[in-house]
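Worksheet: the structure to be examined is printed underneath.
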Amino acid sequence: MTDSQIDPRRYRDVLGHFPTGVTVVTGLDSSGAPHGMTIGSFSSVSLDPPLVGFFPGMQLRSWPAISESGKFCVNILADGQDELCWKFAKEPADGETSKFSGVEWKPSANGSPILTGVIGWIDCTIEVVYEVGDHFFVVGRVQDLAQNDDVAAAMVFFRGKVASVKMPTFE
Ligand SMILES: Cc1cc2nc3c(=O)[nH]c(=O)nc-3n(C[C@H](O)[C@H](O)[C@H](O)COP(=O)(O)O)c2cc1C
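Given below as structure tokens:
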């Protein structure tokens, strides 16, 4: 079977059956303005050295802006943060100049935005970026990270919708 025989709609539908976590990857451009994009293709990559990665599409607007700084922060969304998931998956809303309008955040040690209420965050410097098909594979070196034990459920994306996964209980 050649590549051209794979229908893009079918590719999206079938891959949509693979549940993923939902993150918002944030960073600052060279003028210090914050940018962010919803990313489901996040993964741990290596423990020693500590590396993580994700795949932004080459057409994304936020990634070129974020990459200027050489740094980014991965924000792991909690259950109930649907608004952030959809806000960062689109252009700024009508009348807003930034996706960050009305979004609470504080800077990481690197300066990248940590969004309020996330279940965890991973602050990185860009280690290497590969071109893979119509996406980049961005590998980041972990500089700092934290979890939020006050949040009991994470967001998952499955068949085009958000759902939640609760903290397992061990008896
Ligand atoms: C749950 C979810 C996961 C996503 N994961 C990715 C991803 O891994 N890579 C990607 O390029 N786009 C992904 N997107 C789409 C981007 O968030 C979307 O194209 C967004 O407009 C990017 O923002 P930008 O154009 O400002 O960069 C995802 C969207 C959603 C809702």
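When we follow the working numbering, the leftmost residue of the sequence shown carries the number 11, and every step to the right adds one.
Backbone N, C-alpha and C fix where the C-beta goes; we use that ideal spot for every residue, glycine too.
Here residue 174 really is in contact with residue 89; their C-beta atoms are around 4 Å apart, less than 8 Å.
Closest by C-alpha distance to residue 38, out of 160, 108, 171 and 161, is 108. Taking C-alpha positions only, residue 137 is separated from residue 148 by approximately 8 Å. Taking C-beta atoms under 8 Å as the contact rule, residue 53 and residue 46 fail to qualify, at a distance of about 19 Å. Closest by C-alpha distance to residue 98, out of 48, 66 and 123, is 48. At a threshold of 8 Å, residue 173 does not count as near ligand 1, since its beta carbon sits no closer than that to any of the ligand's heavy atoms.
According to DSSP, residue pairing for residue 134 in a beta bridge involves 82 and 152. Considering only 41, 34 and 44, the residue with the shortest C-alpha distance to residue 50 is 34.
Judged by beta-carbon spacing, residue 77 lies within the 9 Å limit of residue 139, meaning their Cβ atoms are closer than that value. Following the DSSP letters along the chain, one finds residue 176 inside the beta strand (DSSP E) bounded by residues 171-176. The C-beta of residue 100 has fewer than 16 other C-beta atoms within 10 Å across all chains shown, which makes the residue exposed. In this model, residue 165 and residue 87 are separated by some 6 Å (Cα to Cα).
Under the three-state reduction of DSSP output, residue 109 falls in the coil class, being neither helix nor strand. Approximately 18 Å separates the beta-carbon atoms of residue 26 and residue 144; this is outside 8 Å, ruling out the contact. For residue 38, the enclosing beta strand (DSSP E) has its first and last residue at 33-38.
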